[in-house]
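In this note's numbering, the protein residues as written are 930 to 1214.
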């Protein structure tokens, strides 16, 4: 039987953003906001761990008036939200990034190079297909951060934050297979799937980058053990931190594949304040 309140003490709570902390309309509900304030008032550390780019997540945090530490790019980059100080960075090696570009071109996949780790961040592209309406809309929303070049491979004379692709679930699964076969242990590959929209975001990061690994390092800096960490997420890119944490919780809206993984608990969906419910049930508010 799952206890209403954990026998262990939670000293660090790690939250994914999209599909977890925010509802399906991209809103932070008052119940979730109050729950975060409640656990922080008891001395429990809260950190946001997201697949979003740093700049995108930073805008959101400031809009929501959330003064929380931020791990972005699926664990590749941790920065101070206000000062922009870089706290932890796991770059994608230059030669590996160039190989990723070659493989992306062979697959005729739309790709973005996420760069500028010590600033607000840029998205470097060499052209996006007109058929990819979702990506076109995303780039239009953050157009001030977009840099277009003639040749991404020629542009790269340094190690970037990551390479990113987006497309249909099937095409991104195929590209994932090709990348994994070619890169092996030289890179980490994470998918964020939205099956109802037939959309997958595919991130290629440095070999030492993941939500789980960065969360582990963050907890160690705070002197917090794995058993004292609770993590909540909803998608494949959250799996490493859910499995690292002493108590990993899946949202009710999680990808069905994840619900079959042993050792993870489940809460309500992001449209039912699943984050607040999990805190109340397993931490006690």
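Idealized CB from N, CA, C, for every residue including glycine.
The beta carbon of residue 1079 sits closer than 7 Å to those of 1055, all from its chain and outside the five residues before and after it, given in chain order. Given a length threshold of 3 residues, each whole run of the beta strand (DSSP E) inside the segment 1005-1091 is given here in chain order: 1006-1008, 1015-1018, 1040-1044, 1051-1054, 1075-1077. Under the 8 Å Cβ criterion, the segment 970-984 does not count as touching the segment 952-960, having fewer than three qualifying pairs. Excluding residues up to 5 positions away in sequence, 1036 lie with their Cβ nearer than 8 Å to the Cβ of residue 1103 in the same chain.
According to DSSP, residue 1131 shares a beta bridge with 1094, 1120. The criterion of a C-beta distance shorter than 8 Å is not satisfied by residue 1195 and residue 1213. DSSP places residue 1198 outside any beta strand (DSSP E), giving it a letter other than H or E.
Remark: C-beta atoms of residue 1020 and residue 1090 approach each other more closely than 8 Å. 8 Å or more divides the Cβ of residue 1100 from the Cβ of residue 1142. Judged by DSSP secondary structure, residue 1177 falls within the beta strand (DSSP E) whose first and last residues are 1176-1179.
Around the C-beta of residue 1076, fewer than 16 other C-beta atoms lie within 10 Å, and the residue is accordingly described as exposed. Residue 1025 places its beta carbon 8 Å or farther from that of residue 1042. Under the three-state reduction of DSSP, residue 980 is assigned to coil, being neither helix nor strand. If you draw a straight line from the Cα of residue 946 to the Cα of residue 1167, it comes to about 10 Å.
Here residue 1039 is not near residue 1004, since their CB atoms are 8 Å or more apart. The Cβ-Cβ distance between residue 1001 and residue 986 falls below 8 Å. Each residue's CA atom was taken as its position, placing residue 1164 and residue 1117 some 16 Å apart.
Contact between residue 965 and residue 939 is ruled out by a C-beta separation of about 13 Å, above the 8 Å threshold. Just so you know, the alpha carbons of residue 1126 and residue 1105 end up roughly 19 Å apart.
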